[in-house]
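Quick note on numbering: the UniProt record's numbering labels position 13 of the sequence shown as 13, and the sequence is numbered without any gaps.
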Amino acid sequence: MEKIIKYLFTCALMIFSLTGLFGCNYLNQDKDTNSNKNIKDEYSIKSEQSKKDLDKIISSRIIEYSKSSGLSGDVFFESHRVYGMKTKENKLYIYLTSFIEGFTFVGDKLKIGSSYCFPVRLILNSDDYKFINYSEPGGGMDFDEKLKELFPEKYYEMAKKYNEDHYKLLTKNRNKLMEWLKSKGKDKDSLIVD
Numbered sequence: 001m002e003k004i005i006k007y008l009f010t011c012a013l014m015i016f017s018l019t020g021l022f023g024c025n026y027l028n029q030d031k032d033t034n035s036n037k038n039i040k041d042e043y044s045i046k047s048e049q050s051k052k053d054l055d056k057i058i059s060s061r062i063i064e065y066s067k068s069s070g071l072s073g074d075v076f077f078e079s080h081r082v083y084g085m086k087t088k089e090n091k092l093y094i095y096l097t098s099f100i101e102g103f104t105f106v107g108d109k110l111k112i113g114s115s116y117c118f119p120v121r122l123i124l125n126s127d128d129y130k131f132i133n134y135s136e137p138g139g140g141m142d143f144d145e146k147l148k149e150l151f152p153e154k155y156y157e158m159a160k161k162y163n164e165d166h167y168k169l170l171t172k173n174r175n176k177l178m179e180w181l182k183s184k185g186k187d188k189d190s191l192i193v194d
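Structure, rendered in structure tokens:
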């Protein structure tokens, strides 16, 4: 009985935690185009702190995966736009566009290195958000077909236009970079731009 109560409490807590992440983001992220107007997430908004926590978890999982897959750099920043998510069989499926950048130290300065912007289906354990899977459609002629396989129809059209999010996500990353530099007592002069 205690396990059932603990499980129900954990599920309820997870739902409340996840609700904050995506509800506000949907409404505020793209005011110009109304592209999210008719999309309803399966979660409602409850806690801004929960939204920030899951947002950080998503970024850290994407950075971990990208580093293990060969993205080079000493410092990484990731920003994303979440289209939606669903829970199925104790797995949390998150559909998003991610923009990640790697920076390399050259002496005491940072050199802007590789960057990457792509639609992603991220799967986490719904209980503890541990990484399960990262999938992207890849490039090439079968991009559209693979995107359809990864994304539900209700998110597919938005994900297909992922390049439209590039500048917004780049701007978010640069703001994160500037905050990080400031926390280290540095400024934009600490960047090497080719």
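Where is the CB? At the ideal position from N, CA and C, for every residue including glycine.
Predicted, not measured: the structure shown is a model, and the values here were computed from it.
Taking the alpha carbon of S115 as the point to measure from, which residue in E78, Y162, A159 has its own alpha carbon closest?
Of the listed residues, the one whose Cα sits closest to S115 is E78.
Could you check if M141 is buried or exposed, using at least 16 other CB atoms within 10 Å of its CB as the buried criterion?
Label assigned to M141: exposed.
Mind checking whether L170 and F105 have CB atoms under 8 Å apart?
At the C-beta level, L170 and F105 stay beyond 8 Å of one another.
Between the alpha carbons of Y156 and K86, how many angstroms are there, rounded?
Roughly 14 Å separates the two Cα atoms.
Within 10 Å of its beta-carbon, does G102 have 16 or more other beta-carbons around it, so buried, or fewer, so exposed?
Of the other Cβ atoms in all chains shown, 16 or more fall within 10 Å of the Cβ of G102; this residue is therefore buried.
Measuring CB atoms only, is the region 125-143 touching the region 167-186, in the sense that at least three cross pairs come out at less than 8 Å?
Result no; under three Cβ-Cβ pairs closer than 8 Å.
Whole-number beta carbon distance between L191 and I112, since they are thought to touch under 8 Å:
Right, the Cβ-Cβ distance comes to about 7 Å (below 8 Å), so this counts as a contact.
Helix, strand or coil: how does DSSP classify K168 here?
Residue state, collapsed to three classes: helix.
Alpha carbon to alpha carbon, how far is V75 from M158? Give it in angstroms, no decimals.
The straight-line gap from Cα to Cα measures roughly 29 Å.
Name the DSSP bridge partner or partners of F131?
According to DSSP, residue pairing for F131 in a beta bridge involves L124.
Leaving aside the five residues before and after K40 along the sequence, list all residues of the same chain whose C-beta is less than 7 Å from its C-beta, in chain order.
With a pLDDT of only 34 at K40, under 50, the local geometry of the prediction cannot be trusted, and the value read off the model is given with reservation. Listed in chain order, the non-local C-beta contacts of K40 below 7 Å within the same chain number zero, local neighbours out to five positions each way being set aside.
Tell me the DSSP secondary structure of E179 in three-state form.
The DSSP-derived three-state label of E179 is helix.
Please work out which residues of its chain come closer than 6 Å, Cβ to Cβ, to H166, disregarding the five sequence neighbours upstream and downstream, and give them in chain order.
For H166, where only same-chain residues beyond five positions count, the Cβ hits under 6 Å are C117.
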